[in-house]
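Residue numbers (this note's numbering): 2 to 156.
Scroll down for the structure; my scribbles are underneath it.
This is the structure we're talking about:
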């Protein structure tokens, strides 16, 4: 019980007995970066069902809330069970509801990927989130990240 309380209050870059924390909560000026939970399934669906948001991403837009639950289990809950991961819900501080996601693969080549609901595009949100996560993975000893961009994506 005491260890659970300790984990809940630790921030980014901190460890418990030398072990890195999986997806440590991070805060920026406008954002909270945290783990997705089952309470976020509706918000996850809103991000992942939009065809325009997902047009250049390596997954198809979700069609149902059941698909959102399966996606959460496969892409988030399973990663949160690992010793180390960076699989973030990107939330505005004002309400702490997910408006996007940002992940870093633990396998080589440590690919960074993200998605953001289109009504939040062009506000610097993913730049702010990305800077915070990049700083965290550096602190945690990941030597580099990679990212790809679909050349057909005009943004």
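C-beta atoms are modelled at their ideal positions from N, C-alpha and C, and glycine is treated no differently.
- Excluding its 5 nearest sequence neighbours in each direction, residue 94 has C-beta neighbours in its own chain below 8 Å: 28, 31, 32 and 33, listed in chain order.
- If you ignore the 5 residues before and after residue 131, its C-beta comes within less than 8 Å of the C-beta of 103, 113 and 115, all in its own chain and listed in chain order.
- Taken in chain order, the whole alpha helix (DSSP H) runs of length 4 or more contained in the segment 26-50 are 42-49.
- Sixteen is the threshold: since fewer than 16 other Cβ atoms of the shown chains lie within 10 Å of the Cβ of residue 64, the residue is exposed.
- Straight-line measurement puts the Cα of residue 155 at about 32 Å from the Cα of residue 25.
- Here the alpha carbon of residue 36 sits roughly 24 Å from the alpha carbon of residue 53.
- One thing to note: residue 107 has its Cβ no nearer than 8 Å to the Cβ of residue 117.
- Judged by their CB atoms, residue 105 and residue 138 are nearer to each other than the 8 Å cut-off.
- Ranking 134, 89, 86 and 147 by CA distance to the CA of residue 111 puts 147 first.
- DSSP places residue 114 in the uninterrupted beta strand (DSSP E) bounded by 113-117.
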